[in-house]
């Protein structure tokens, strides 16, 4: 898995890079099966700190764009929380979709 962290009008420090890698690794390990690519873009525009995260997977992609007026770590944390919620929702959809299969014979007899 390749992780790219890019800064636009913002210098990505080692602390920020470590924060992003630590949090993303934790989420990807728990919630994603086959991750192909991870891209993080950190951007500063006037008073806005923007964090955009794109996770490209084998079966699905997750994208989150969050901004914060206070600091870049706040924008990163809110974007990562948003990615986490999307991944959990997507995982539940896949799980629910696969559960509704054939009704066992015992249940068919009981329903008749």
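In the numbering used here, the protein residues as written are 5 to 116.
Glycine included, each C-beta is placed from N, C-alpha and C at the ideal position.
Length of the line joining the Cα atoms of residue 14 and residue 34: Within the chain shown, numbered from 1, the residue matching residue 14 stands at position 10. Within the chain shown, numbered from 1, the residue matching residue 34 stands at position 30. So the alpha carbons of these two residues sit roughly 30 Å apart.
Candidates 31, 16, 91: closest to residue 63 by CA position: Position 59 of the chain shown, counting from 1, holds the residue named residue 63. Of 31, 16, 91, the residue nearest in Cα terms is 91.
Strand pairing of residue 7, partner residues [DSSP]: If you number the chain shown from 1, residue 7 lands on position 3. Bridge partners of residue 7: 42.
As assigned by DSSP and simplified to three states, the class of residue 62: Here residue 62 refers to the residue found at position 58 of the chain shown. Note: residue 62 maps to coil in three-state DSSP.
Per DSSP, the bridge partner or partners of residue 49: In the chain shown, the residue the question calls residue 49 occupies position 45. DSSP, once it has assigned bridges, lists 52 as partnering residue 49.
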